[in-house]
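Visitor:
Protein chains: 2
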Amino acid sequence: MVAGPLPTPSGPGKDRLRLWIRLLRASRTIEAELRERLKKEFNTTLPRFDVMAALYRAPEGMLMSDLSRFLLVSNGNVTGIVDRLVSEGLVARARRNGDRRTSMVRLTEEGSKAFAVIAAAHEGWVGELLGNVSEEEARRLTGMLTSFRSNWEGRE
Amino acid sequence: MVAGPLPTPSGPGKDRLRLWIRLLRASRTIEAELRERLKKEFNTTLPRFDVMAALYRAPEGMLMSDLSRFLLVSNGNVTGIVDRLVSEGLVARARRNGDRRTSMVRLTEEGSKAFAVIAAAHEGWVGELLGNVSEEEARRLTGMLTSFRSNWEGRE
DNA sequence: GCAAATTATTTCAAGCTTAAAGTTTTATAT
DNA sequence: ATATAAAACTTTAAGCTTGAAATAATTTGC
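Line order of the protein sequences matches chains A and B.
Using my numbering, you'd call the opening residue of the first sequence number 165 and step up by one each time.
Using my numbering, you'd call the opening residue of the second sequence number 165 and step up by one each time.
#1: Could you name the residues of chain B that A:ILE245 contacts, counting a contact when the two beta carbons are closer than 7 Å?
#2: Look up A:ALA258 in the DSSP assignment and give the residues it is bridged to.
#3: So, A:LEU202 versus A:THR193, is the Cβ gap smaller than 7 Å?
#4: Quick check: B:SER251 and B:ARG259, are their CB atoms within less than 7 Å of each other?
#5: Going by C-alpha to C-alpha distance, which of A:ALA283, A:ARG221, A:ALA217, A:ARG303 sits closest to B:ASP179?
#6: According to DSSP, which residues form a beta bridge with B:LEU235?
#7: Beta-carbon within less than 8 Å of B:GLY262's beta-carbon, same chain only, minus the 5 sequence neighbours each way: which residues are those?
#8: Please classify A:GLU287: is it buried, with 16 or more other beta-carbons within 10 angstroms of its beta-carbon, or exposed?
#9: Consult DSSP for A:GLU292 and reduce its assignment to one of helix, strand or coil.
#10: Helix, strand or coil: which one does DSSP assign to B:LEU187?
#11: Is A:GLY253 near A:GLU273, with beta carbons less than 7 Å apart?
#12: Just how far apart, CA to CA, sit A:ARG186 and B:GLU292?
#13: Leaving out five residues on either side along the sequence, give the residues of the same chain with a beta carbon under 7 Å from the beta carbon of B:MET308.
#14: Using a Cβ-Cβ cut-off of 8 Å (strictly less than) and excluding sequence neighbours within five positions of A:VAL242, which residues of its own chain qualify?
#15: Tell me the residue span of the alpha helix (DSSP H) that contains B:GLY226.
This is the structure:
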């Protein structure tokens, strides 16, 4: 999905295809850089960061299915990542009284502290990597992407 | 990287962070949908499609290192994907006379035909999934993402 | 009350992904 | 010439990812 079928596609519908290719290349480029820095500076990974970021927003905890829905990844995927975070003491599972199928997942004290540090660095990196986009332009782009997505979400 | 540390981040640099989150969510959403359709309709995957798309643009073939640079993935990664495509008869490796370290990778006749069919469907899907973005808006967004990326590429 | 369907999660197999280490071949510097 | 470095690629280990199958608990329809 990184390249179009021809060097410079043209014709009806080609503008959207080109947009998609740019979108994908932009996010892959930034993603690769963030992944590398997370590894080098904090010896962690993007998926771990994603999970911790989601949990940081929800101090009361989240269900596994909430996590997977929010992160747009499969259920089984989240299981593995959470398993590793638990084994590292950054995240805890808590069985619930009401429904014994589910477990509330939340950051431990240690996980919360660790995340705060990483998140600060992360925000700085994003600011740096998107430095060529003015704040004004960032808001405009965000708006365009938001309206696109909210339209699209209606179909799933 | 899908979520910010807080529900609605605010403050200096937050606009870029929010942009990054939107960008990532948009591309993940579309990517997931395309991946699913590639699997269901053609029993193939996004990475295989990416490699074939790159090779389709280069009838004379590409080096492994060209492929990995173009696709923004690691060298070892491409090895595995190409291995599988070769075993399926869609791609062929050709040793070169000049430099025996390298091999030119290209689509087979069969691979080229198969890709043309898939690419047509793919383009239609993208047009559909980005249907809420007007062609005009698509061009504007593309321009913004292009200038961002060409600026950023200077740093790597 | 109880079978059937649904829900939440885990397990599994196959494939993707990276970074690092290893192999082979070519280029460079004495 | 010949060691040394560089380049192109593959292999490896660990982890990520999906979709499908399995498990366990809850809810629904009679």
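Idealized CB from N, CA, C, for every residue including glycine.
Guide: So, to answer that:
#1: Neighbours of A:ILE245 on chain B: none; closest Cβ ~13 Å, over 7 Å.
#2: A:MET268
#3: no
#4: no
#5: A:ARG303
#6: In the DSSP output, where bridge partners are listed per residue, B:LEU235 has none listed.
#7: none
#8: buried
#9: helix
#10: helix
#11: no
#12: 17 Å
#13: none
#14: VAL215, MET228, LEU231, SER232, LEU235
#15: In the sequence under discussion, the amino acid at residue 226 of chain B is Met, which differs from the Gly named in the question. Per DSSP, B:MET226 belongs to no alpha helix (DSSP H) and is neither H nor E.
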